[in-house]
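Reading through the C-alpha cells given below for one structure.
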Amino acid sequence: MVELSPHPIDVRAVEAAVAGIDCGALLSFVGTARDHNRGRVVTGLEYEAYAPMALAELGKIRAEIAERWPGVRLGVVHRVGAVALGEPAVVIVVAAAHRAEAYDASRYAIEELKSRVPVWKREHYADGTDWIANRS
Amino acid sequence: MNVIIRYFAQVRELRGRDEETVTFPAGTTAASAYAALGLPVALPVAFAVNLERVPGSTELHDGDELVFLPPIGGG
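Which chain is which? The protein sequence lines are A and B, in order. Numbering-wise (our numbering), the first sequence opens with residue 1 and increments by one. Numbering-wise (our numbering), the second sequence opens with residue 1001 and increments by one.
This is the structure we're talking about:
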C-alpha cells in the first residue's frame, strides 16, 4: 500500500495491508500534526503533493527496502490537504521477520520520504501561514 | 517547443496558477526556464522533468513536464 490520502489515515488498514504470518515484527510509525514548531504555536497543517512523482518516489523507496532487507514489506500513506492537530500526517508500516530489520527499514523509509518525496507543508498560525521545509 | 509546467507550494502562489504550457526556444534548460518566467532566484528550487529529479542544466524537449520543486516538507 502506497497512497496519498485527503482523508484521515486508518493505521490499522495500513497494518493489515502489509502484515503476514511470515512476519514476527509489525512496526508502525505515525507522524502526527504537532501544535508547535520552531517557537511558534501551530493551529493546523496542510500538505500539498506533486502526486504522480510523490507516488513514484514512494514506490522507489519501497523497492529499495525490498532489495536491502529481503522479505521486508512497506506500507506508507501520506495525507494531503488540511490535517487537524493530533491527526496522523504520515503512516509508515514495516512488516519483517525480525525487529532489527523492521526498525532499520522504518527509519530508512521516513528519512528518505522527508528528503525525496515532493510533498510540501504549510503551517497555520494565529497570525498567518508559512511553508515549512524539512531540515536536512 | 512547448513545455507543460506544473506549479506547487510557494511557486504556485508566486505564479498564481497550477499549470500552464509555455513555449521556449530550443536549448532552454530547466534552470533557464525558471529564470525566463521571472521566478525569484532567491528561492532554492530543485527541478523535475517527467517525474524525475534532474540538474538545472538539463535541456528541455517538446512535450516535457517540468516542475520546480521548492524545499519539501513531507512527513
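Heads up, the beta-carbon is just placed ideally off N, CA and C, and yes, glycines get one too. Values in this document were obtained by computation on a predicted structure and should not be read as measured data.
### Query
What residue does the beta strand (DSSP E) around aspartate 130 (chain A) start on, and which one ends it?
Here residue 130 (chain A) refers to the residue found at position 130 when the first sequence is read from its first residue. That run of the beta strand (DSSP E) goes 128–132.
### Query
Counting only runs that start and end within the stretch 62–125 of chain A, where is the alpha helix (DSSP H) found for 4 or more residues in a row?
99–116
### Task
On the DSSP bridge assignment, give the partners of alanine 49 (chain A) in chain order.
Here residue 49 (chain A) corresponds to residue number 49 of the first sequence, with the count starting at 1. Partner(s): A:Val119.
### Message
Could you tell me the alpha carbon to alpha carbon distance between serine 5 (chain A) and alanine 1048 (chain B), rounded to whole angstroms?
### Response
The sequence position of residue 5 (chain A) within the first sequence is 5, counting from 1. The sequence position of residue 1048 (chain B) within the second sequence is 48, counting from 1. Each residue's Cα considered, the two are about 23 Å apart.
### Message
At the level of alpha carbons, what is the spacing between threonine 32 (chain A) and valine 90 (chain A)?
### Response
To locate residue 32 (chain A), count along the first sequence from 1; it is residue 32. To locate residue 90 (chain A), count along the first sequence from 1; it is residue 90. Their Cα atoms are separated by approximately 7 Å.
### Task
Using a Cβ-Cβ cut-off of 8 Å, state whether leucine 1051 (chain B) counts as contacting chain A.
As a first step, residue 1051 (chain B) must be located in the second sequence, where it is residue number 51. By this cut-off, leucine 1051 (chain B) is an interface position.
### Query
Shorter than 8 Å from the beta carbon of lysine 121 (chain A) to some beta carbon of chain B?
On the first sequence, residue 121 (chain A) is found 121 positions in, with the first residue counted as 1. Yes, its Cβ sits closer than 8 Å to a Cβ of chain B.
### Task
Please state if the CB of alanine 96 (chain A) and the CB of alanine 25 (chain A) are separated by a distance shorter than 8 Å.
As a first step, residue 25 (chain A) must be located in the first sequence, where it is residue number 25. As a first step, residue 96 (chain A) must be located in the first sequence, where it is residue number 96. Yes, the Cβ-Cβ distance between alanine 25 (chain A) and alanine 96 (chain A) is below 8 Å.
### Task
Using the DSSP secondary-structure output, state which residues sit across from leucine 26 (chain A) in a beta bridge.
To locate residue 26 (chain A), count along the first sequence from 1; it is residue 26. For leucine 26 (chain A), which the question treats as bridged, DSSP gives the partners A:Ala95.
### Task
List the whole-angstrom C-beta distance separating glutamate 123 (chain A) from asparagine 37 (chain A), where the pair is believed to meet the contact cut-off of C-beta under 8 Å.
Locating residue 123 (chain A) in the first sequence gives position 123, where the first residue counts as 1. Locating residue 37 (chain A) in the first sequence gives position 37, where the first residue counts as 1. About 6 Å separates the two Cβ atoms, so the contact holds.
#### Entry: glycine 1073 (chain B) versus valine 42 (chain A) - alpha carbon distance
What you label residue 1073 (chain B) is simply residue 73 of the second sequence in a count that begins at 1. What you label residue 42 (chain A) is simply residue 42 of the first sequence in a count that begins at 1. Each residue's Cα considered, the two are about 15 Å apart.
### Task
State yes or no: is the beta carbon of arginine 1017 (chain B) nearer than 8 Å to at least one beta carbon in chain A?
For the purposes of this step, residue 1017 (chain B) is taken as residue 17 along the second sequence, with counting starting at 1. No, its Cβ sits nowhere closer than 8 Å to a Cβ of chain A.
### Query
What first and last residue would you give for the beta strand (DSSP E) that runs through arginine 1006 (chain B)?
Here residue 1006 (chain B) corresponds to residue number 6 of the second sequence, with the count starting at 1. Run containing arginine 1006 (chain B): 1002–1006, per the beta strand (DSSP E) assignment.
### Message
DSSP has histidine 36 (chain A) in a bridge; who is on the other side?
### Response
Stepping through the first sequence from its first residue, residue 36 (chain A) is reached at position 36. Histidine 36 (chain A) pairs with A:Val41.
### Task
Following the continuous alpha helix (DSSP H) through arginine 1107 (chain B), name the residue where it begins and the one where it ends.
Past the edges of chain B, shown from 1001 to 1075, lies residue 1107 (chain B), and the structure says nothing about it.
### Neighbouring residues, chain A, relative to leucine 1069 (chain B) (Cβ below 7 Å)
Within the second sequence, residue 1069 (chain B) is the residue found at index 69, counting from 1. In chain order: Pro118.
### Task
Could you name the residues that DSSP lists as bridge partners for arginine 1077 (chain B)?
The displayed coordinates of chain B run from 1001 to 1075. Any statement about residue 1077 (chain B) would go beyond what the structure contains.
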